[in-house]
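**Q** Sending over a structure as structure tokens; questions will come in a sec.
The following block contains the structure:
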């Protein structure tokens, strides 16, 4: 090595540079040290906070664990109940399935009945329509009947008035005329029911074998019926029924009832032969 003024100057400069660099590094070291201290302080504080939070969390976990431990028996009980209910539900499903079988059969049986019901309802509707038409026709017929009845009543009244007028000019014989009305009272009814006794006889114009058309305004039936005198005395007669209906039904003529008899012509011989079989009892 050569020593000289140039060499001395170069070393001085290098030394200054090194010193300057050392000073900068020292300053940077202090700065880094301060930052490290600050970071350590923050880390220590964070560690303390973490420990506090950890302890708090552990306490909560302990409490929750206690609650969980408390729920465990209850959970077991609930699971047991759930299993029992599941078993019961399964049995109910089986029972429902078994019970549904007859219902399905009944539904199958109901279907043809419902179809038949629909058919009957249609027939009923048709019948109702027919009934409505028939009712209208019946109403028309009834109106015609009422009109004819009024005409008949008018004609009957006119006939009675004219007959009464003519009868006043005729001397009555000792017996009842044909078409003459007479009011009688039933004294008694024969035990056999084949006829009635009345307290009217010869002096009232009754004769043997006279036939009468009879009306009983108090009877349950408005039908007129026929009587025949088979026994006539002075104040006593027996009139027999000429139809079995009156023999069987006492409402046509009972003791104490008032009858209106109208003398009529004799019926056919065939009917007379039948009536001869009815004997007085």
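In my numbering, the protein residues as written are 598 to 878. Each residue gets a CB set at the ideal place from its N, CA and C atoms; glycine is no exception. Since this is a predicted model, take the numbers as computed values, not measurements.
Report the rounded CA-to-CA distance for residue 675 versus residue 667, giving the unit in angstroms.
**A** C-alpha separation (whole angstroms): 13 Å.
**Q** Going by the DSSP bridge assignment, what does residue 808 pair with across the sheet?
**A** Partner(s): 825, 861.
**Q** Under the assumption that residue 840 contacts residue 860 (Cβ atoms under 8 Å), give the Cβ distance between them as a whole number of angstroms.
**A** So it is not a contact: roughly 18 Å between Cβ atoms.
**Q** What's the C-alpha gap between residue 802 and residue 773?
**A** Roughly 5 Å separates the two Cα atoms.
**Q** Could you spell out the range, first to last residue, of the beta strand (DSSP E) harbouring residue 844?
**A** Element bounds for residue 844: not the beta strand (DSSP E) but the alpha helix (DSSP H), 841–845.
**Q** Are there 16 or more other CB atoms within 10 angstroms of the CB of residue 797, so buried, or fewer, so exposed?
**A** By the 10 Å Cβ count, residue 797 comes out buried.
**Q** By how many angstroms is the C-alpha of residue 756 removed from the C-alpha of residue 795?
**A** If you take the alpha carbons of residue 795 and residue 756, they lie about 29 Å apart.
**Q** Please check the pair residue 777 and residue 855, which I expect to be a contact at CB under 8 Å, by giving their CB distance rounded to whole angstroms.
**A** Residue 777 to residue 855, Cβ: 17 Å. No contact.
**Q** Hey, quick one: how far does the beta strand (DSSP E) through residue 852 stretch, first residue to last?
**A** Careful: residue 852 lies outside any beta strand (DSSP E) and carries neither H nor E.
**Q** Would you mind working out which of 718, 863, 850, 784 sits nearest residue 832, comparing C-alpha positions?
**A** When only C-alpha atoms are compared, the closest one is 784.
**Q** Taking residue 779 and residue 858 to be in contact with their CB atoms under 8 Å, please state how far apart those CB atoms are, rounded to whole angstroms.
**A** Yes, residue 779 and residue 858 are in contact; Cβ-Cβ is about 5 Å, under 8 Å.
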